[in-house]
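Each residue of the sequence shown is one higher than the last, beginning at 100 in the numbering used here. The beta-carbon is built from N, C-alpha and C at its ideal position, and this holds for glycine as well. To start, the structure itself, in structure tokens.
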Amino acid sequence: MVGEGGTSGGLRFAVLGPVRGWRDGVELPLGSPQQQSLLLALLFRAGRHVSSAQLIDDLWGDEPPARATGVVRTYVHRLRRVLGAEALTSVGGGYLLAVGGGGLDTERSEALLAEARALRADGRHPEAAAVLRTALALWRGEPMSGLPGPYAQRQRREWDERRLALLELCLEAEVEGGRCTESVAELAAVVEEHPLRERLSELLMLALFRSGRQAEALAAYRAADRRLRAELGVGPGPGLRDLHGRILAADETLSVPTDWTMAPIPPEPTAPIAGADPASTLTPAQLPAAAADFTGRQPEVAALREALRESGSVPVAAVAGMGGVGKTALAVHVAHGLAAEFPDGQLYLDLHGADGRPTRPEEALAIFLRSFGVVGEAIPAGLAERSARYRSLLSGRRVLVLLDNARDAEQVRPLLPGSPGCAVLVTSRTRLGALPNARFAELPVLPAGEAVTLLTRVVGAERVAAEEEAAGELVRLCGQLPLAVRILAARLACRPGWTIARLLEQLTGDRYRLDALRSGDLAVESSFRFGYDQLDAEQARAFRLLAVPEVPDLSPAAVAAVLDRPEPAAVELAESLMDCSMLESSANPDRYRYHDLLRAFARRVGARGCQGDGPAAGPDEGSGALARLVDHHHAQVSAALGASAALGASAARGGFAVGEYLGVGALVSQCAKLPGRSADTTPGLDRLAELLLGCCLLADSGHATRPLGHAANALLHATLEQGDRAAEARARLVLGRLLTDVGSAPSALAELLRARDLCTTYGLSQPLLALAHSSLAACFVQIGRPDEAVTGFSAAVSVWERAGDRRSLAAELLNLAGAFARQGRFDAANRVVDQSLVISRELADRELEALARDSLGTIAHDRGDHDQAVAHQRAALALADPDDHRRTGRILLRLGESLRAAGRGAEAVEAAGRAVDALTLDGDHRGRGLALAALGDALADRCFGGPGPTGDLARARACWAEAHGILAPIGSPEADRLLPLLGGDHPAGPPQQRWPSWLPA
């Protein structure tokens, strides 16, 4: 049985019963039933990427829990500890499990089934039956027993059915092999268990007849007839009726054990074929020449070779991808590598699926038949007859068929061989999901390194080595698309005097980039045009409009907003574009994006007109799409912030993924820079400012800071040009809050003072004024001016009290408590926190309660009561959302400081290390620097306070050095403290940068 012997160093799993796993013969603890269900989903897709969304669907179906993503991540983390990091890896928003061939008992059962079928085809029925018995022994009870979830249930049903089919095949082989008497008892029991499976009744009748029990065989027929009529209201099928008649007539041929159900199709004669040239014994070798500069693609090559070597059926591998991505080059390369394994020939045909003149299947079949010498009238007239002749011709032969540039599955299906031995490799821009028995591969663009290697192979190593940075930029501007890289490489190769930098100058701007990507008969735009011309009018409109927003990707709801269609219809359109390789899925499989060059092409056709004869996607259509997308995100933000009258309480967090912040930042920047602003056609500045401020309040990740900062800068310029004071105040408020977060307090102070003055001077809304007071006060805390901080927070508290916004009030009270503590007014601080706690408990708000406990910890720490501080901070940690890496990281940072002060060194090191991890995940650049400094301090304490672990001082210095490298360039005062700790030989660090990059002028 699989797993108990195990090969050295290999993982083995058994799922045909309770799920079990082994490494080197030692059984592994696989965790809870639901964790095993997740493992099962990965096992059956071993070697393939499985997204988190798919795993959530596998485990919970339509009713996932609120924290489904976190649960999946936890299960994967636990399994990785058991299976090994090399076996279970994270890939592009999902996971990939690597298990060696034969590492699963289901694979063993399939291999044994294929072996048994081969033995039966040779007439070796007893041996086939023995092999099938071995396969049946792999079942150890109900498959995947006890595993919950819809995916496990589906697999359980499927493998129950497969076992029954395997048993049926085994009993058939035993009866055909002459073990009739021995099989009767088991057949009778199986028929009783599965009374409606007519084939089992046939086998029982045949076994009884061959055992000399004709009367009992006829009685078995009558019993089957009664069951079928009682249960289904129908009589026996033709197989049972025919066997009944033959038994009644005592047909002597039934007494001879022959394979009357699975007689193999005799192979076509190898003598000259009728209609063929008598002198010809053709072995076609039609593969085009392989590209001499073929580069990379090792995982794809290996996967395709494995797929095409599968036995037991006709393996079909289908490669899909956008125009110019290298599908044909890959397929031809793989086919040449396998040619020796198909000695009877290699067929190749370009089916012209993308250029508007697809080859009809009957034409393709005529070409293939002529390749084997079938000529003239010997070629049948109709599609069905030609397909049958083609399959007969290939039966018993080993031929590789490469079908390039297929339009759809309907074009390919008649060209598939019918019997094992052959293999088919198909390329298409369309995903051929309807192709039977196919393994599918989606071909991405080349990784950056492989794209540079391709450039080097064409241009020469010396030229690329002389301009490495320019070469990297060149392939980036090509979008790492192989066709684009080849075109530019060819232009450089033909112009030895050109530098790569000179060619880069021609690629600035989407408008000119497509024009530059043309060489001889090769052109990226022509390749894209073939795909575009196949779209219907609605698809073409979607293709043009979705390219208008300059955002990294779009969610399904955002797609619906841009297209002004209901979400189901919009998603169907987006999926149809993906199927045509005119749109891609992003790292998150539930989002859509363009390849850079495809976006440039879409924007070009949008400006020129639709499909050559329709109206252009002009400024109004594009501006309307942008306005709808802004409205969509504005509604999202408003819903996430809740019922607060203001643009949110200062405690509001979450509700957006990092990708949404990137998209909103890019969208606001794009809209703010639109020329000739009109309230009728472009999103208003006030709308953009409200959206941006809402995102800033919700942002719970440092990864959001940069895109929102750049957007705020662009928006500020637009508001100054238009004289929109309310939008200006919001833009400056966003800049000030973000600058405070990254530690650039002087710049933050200037923006926040101006924002507050705008609110008071122009009588802007009270909630906006409260937010300005609160944000300015937080900046005063950071620069050590607690008196002014108390004044600001108190003003904000008054506004929230008048507005009746209890949640905002509770959060602001905590800010005020922090300012009181900075003044040394600890009793006042505690009273204010107590008020906030009362409100948070009234609202049953765990997040607010976590903030309150963290505030109490800070107050206790400042008073010198460090053990009490630790208790409060641990309570805050328990209440905090573990997926909120920023808040968790900052609580851990303060916990580490309290533990150090309490003399609990080992715990301090652990807390500081966790803070580094959390703030790194969050993308909080400054926070990571502070956490590294704290970790260095905690490690050093263990050395100077007593005998610490070997290497702690070296680790401390490494942490301090890394922290200094982060904090010094941004002008953080903490960097000055670190420099003496690093010793005199440590450089003072690079000169202070303009930090951050979006710092306002």
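Practice item. Determine contact between the region 420-432 and the region 524-532, defined as no fewer than three beta-carbon pairs at a distance below 8 Å. Key: yes
**Study point:** Reference Ala140; option with closest CA among Gly240, Asp953, Arg253, Leu182
**Key:** Residue 140 sits at position 41 when you count from the first residue of the sequence shown. Among Gly240, Asp953, Arg253, Leu182, the Cα nearest to that of Ala140 is on Arg253.
Point to revise | Separation of Val937 from Phe919, as counted between CA atoms | key: On the sequence shown, residue 919 is found 820 positions in, with the first residue counted as 1. On the sequence shown, residue 937 is found 838 positions in, with the first residue counted as 1. So the two alpha carbons sit approximately 19 Å from each other.
Check your understanding: For Ala570, does the three-state DSSP call read helix, strand or coil?
Key -> Along the sequence shown, read from residue 1 onward, the residue named residue 570 stands at position 471. Helix at Ala570.
Point to revise | Own chain partners of Pro225 with C-beta closer than 6 Å, once the 5 adjacent residues on each side are dropped | key: Against the sequence shown, residue 225 aligns to sequence position 126. Result list for Pro225: Gly276, in chain order.
**Study point:** DSSP state of Arg408 mapped onto helix, strand, coil
**Key:** Here residue 408 refers to the residue found at position 309 of the sequence shown. In the structure shown, Arg408 sits in coil (DSSP, three-state: anything other than H, G, I, E or B).
**Study point:** Asp1075 - DSSP class collapsed to helix/strand/coil
**Key:** Within the sequence shown, residue 1075 is the residue found at index 976, counting from 1. Here Asp1075 sits in helix by DSSP.
Point to revise | Range covered by the beta strand (DSSP E) that runs through Gln445 | key: Start at 1 with the first residue of the sequence shown, and residue 445 comes out as number 346. Gln445 -> beta strand (DSSP E) spans 445-449.
**Study point:** Simplified DSSP assignment, three categories, for Gly596
**Key:** On the sequence shown, residue 596 is found 497 positions in, with the first residue counted as 1. DSSP, read as helix, strand or coil, puts Gly596 in coil.
Practice item. Pull up the DSSP beta-bridge partners for Gly120, would you. Key: For this step, residue 120 is matched to residue 21 along the sequence shown. DSSP lists Phe112 as partners of Gly120.
Point to revise | Beta-carbon proximity check, Val240 vs Gly411, cutoff 7 Å | key: Taking the first residue of the sequence shown as position 1, residue 240 is located at position 141. Taking the first residue of the sequence shown as position 1, residue 411 is located at position 312. Per the sequence shown, residue 240 should be read as Gly rather than Val. Not in contact: Gly240 and Gly411 (Cβ atoms no closer than 7 Å).
Check your understanding: Which whole-angstrom value describes the C-beta separation of Gly537 and Leu531, a residue pair presumed to lie in contact below a C-beta threshold of 8 Å?
Key -> Residue 537 sits at position 438 when you count from the first residue of the sequence shown. Residue 531 sits at position 432 when you count from the first residue of the sequence shown. First, the residue type needs correcting, since residue 537 is Ala and not Gly in the sequence shown. For a cut-off of 8 Å, the C-beta gap from Ala537 to Leu531 is around 7 Å, short enough to register as a contact.
**Study point:** Cutoff 8 Å; reference Pro132; Cβ partners in own chain excluding five residues on either side
**Key:** Translated into positions along the sequence shown, residue 132 becomes position 33. Answer for Pro132: Gly245, Leu246, Pro247, listed in chain order.
Check your understanding: Since Val523 is in the beta strand (DSSP E), which residue starts that stretch and which ends it?
Key -> For the purposes of this step, residue 523 is taken as residue 424 along the sequence shown, with counting starting at 1. 522-527 is the extent of the beta strand (DSSP E) around Val523.
Review point. In chain order, what residues of the same chain have a beta carbon less than 8 Å from the beta carbon of Glu941, not counting five sequence neighbours either side?
Key: To locate residue 941, count along the sequence shown from 1; it is residue 842. For Glu941, where only same-chain residues beyond five positions count, the Cβ hits under 8 Å are Arg905.
Point to revise | Enclosing alpha helix (DSSP H) for Arg340 [first to last residue] | key: The residue you call residue 340 lines up with position 241 of the sequence shown. Its alpha helix (DSSP H) spans residues 337-347.
Practice item. Taking only runs that begin and end inside the region 280-340, name each unbroken alpha helix (DSSP H) of 4 or more residues, in chain order. Key: 297-309, 313-331
Exercise for review: May I have the straight-line CA-CA distance separating Ala894 from His960, to the nearest angstrom?
Suggested key: Translated into positions along the sequence shown, residue 894 becomes position 795. Translated into positions along the sequence shown, residue 960 becomes position 861. If you take the alpha carbons of Ala894 and His960, they lie about 27 Å apart.
Exercise for review: Report buried or exposed for Ala533, applying the criterion of at least 16 other Cβ atoms within 10 angstroms of its Cβ.
Suggested key: Here the question's residue 533 lines up with position 434 in the sequence shown. Result: exposed.
Point to revise | Contact set for Val584: own chain, Cβ-Cβ below 7 Å, skip 5 residues either direction | key: For the purposes of this step, residue 584 is taken as the residue at position 485 of the sequence shown. These residues qualify, in order along the chain: Ala550, Leu553, Leu554, Val574, Cys577.
**Study point:** Cutoff 8 Å; reference Gly200; Cβ partners in own chain excluding five residues on either side
**Key:** Taking the sequence shown and counting its residues from 1, the one referred to as residue 200 is at position 101. So the list reads Glu206, once near-sequence residues are dropped.
Practice item. Starting from Thr352, trace the alpha helix (DSSP H) both ways and give me its first and last residue. Key: By one-based count along the sequence shown, residue 352 stands at place 253. Looking at the DSSP string, Thr352 is not in any alpha helix (DSSP H), and its letter there is neither H nor E.
Check your understanding: Considering only residues of the same chain and omitting the five flanking positions on each side of Leu437, which have a CB-CB separation below 8 Å?
Key -> Counting from 1 along the sequence shown, the entry for residue 437 is found at position 338. These residues qualify, in order along the chain: Arg404, Leu407, Arg408, Leu499, Ala522.
Point to revise | alpha helix (DSSP H) runs contained entirely in the region 805-841, provided each spans 4 or more residues | key: 824-840
Exercise for review: State the DSSP-derived secondary structure class of Ala384, mapped to helix, strand or coil.
Suggested key: The sequence position of residue 384 within the sequence shown is 285, counting from 1. Looking at Ala384 - three-state DSSP - the assignment turns out to be strand.
Check your understanding: Do you know offhand how far Leu697's Cα is from Val1015's?
Key -> Numbered from its first residue, the sequence shown carries residue 697 at position 598. Numbered from its first residue, the sequence shown carries residue 1015 at position 916. Distance between the alpha carbons of Leu697 and Val1015: 39 Å.
Check your understanding: Does the distance from the C-beta atom of Tyr489 to that of Leu515 stay below 7 Å?
Key -> For the purposes of this step, residue 489 is taken as residue 390 along the sequence shown, with counting starting at 1. For the purposes of this step, residue 515 is taken as residue 416 along the sequence shown, with counting starting at 1. No, the pair does not count as a contact, with Cβ atoms beyond the cut-off.
Review point. What are the residues that DSSP puts in a beta bridge with Tyr691?
Key: Numbered from 1 along the sequence shown, position 592 holds the residue referred to as residue 691. Tyr691 is bridged to Leu653, Ser684.
Check your understanding: Should Ala419 go down as buried or exposed, given a rule of 16 or more other Cβ atoms within 10 Å for buried?
Key -> Taking the sequence shown and counting its residues from 1, the one referred to as residue 419 is at position 320. With 16 or more other Cβ atoms within 10 Å, it is buried.
Exercise for review: Would you be able to state if there are at least three C-beta pairs under 8 Å between the region 973-985 and the region 944-960?
Suggested key: With the rule of 3 Cβ pairs closer than 8 Å, the region 944-960 counts as touching the region 973-985.
Review point. Per DSSP, which one or two residues make a beta bridge with Pro513?
Key: The residue you call residue 513 lines up with position 414 of the sequence shown. Paired residue(s): none; Pro513 is not in a bridge.
Point to revise | Same chain only: Cβ atoms within 8 Å of Leu807, ignoring 5 sequence neighbours per side | key: For the purposes of this step, residue 807 is identified with residue 708 of the sequence shown, where counting begins at 1. So the list reads Tyr760, Val763, Gly764, Leu791, Cys794, Cys795, Ala798, Val833, Leu837, once near-sequence residues are dropped.
Practice item. Let me know if Met361 comes out buried or exposed under the rule of 16 or more other beta-carbons within 10 Å of its beta-carbon. Key: Here residue 361 refers to the residue found at position 262 of the sequence shown. In this prediction, Met361 scores a pLDDT of 34, lower than 50, which makes its location untrustworthy; no coordinate-derived value is stated.
Practice item. Thinking Ala64 and His731 are a contact (beta carbons under 8 Å), I'd like their distance in whole angstroms, please. Key: In the structure as shown, the chain begins at 100 and stops at 1100. Residue 64 is therefore absent and cannot be evaluated.
Practice item. Return the CA-CA distance between Ala1055 and Val1008, expressed in angstroms with no decimal places. Key: What you label residue 1055 is simply residue 956 of the sequence shown in a count that begins at 1. What you label residue 1008 is simply residue 909 of the sequence shown in a count that begins at 1. One C-alpha to the other measures close to 10 Å.
Review point. Under 7 Å, do Ser626 and Gly422 count as touching if we go by C-beta distance?
Key: Indexing the sequence shown from 1 puts residue 626 at position 527. Indexing the sequence shown from 1 puts residue 422 at position 323. Going by C-beta atoms, Ser626 is nearer than 7 Å to Gly422.
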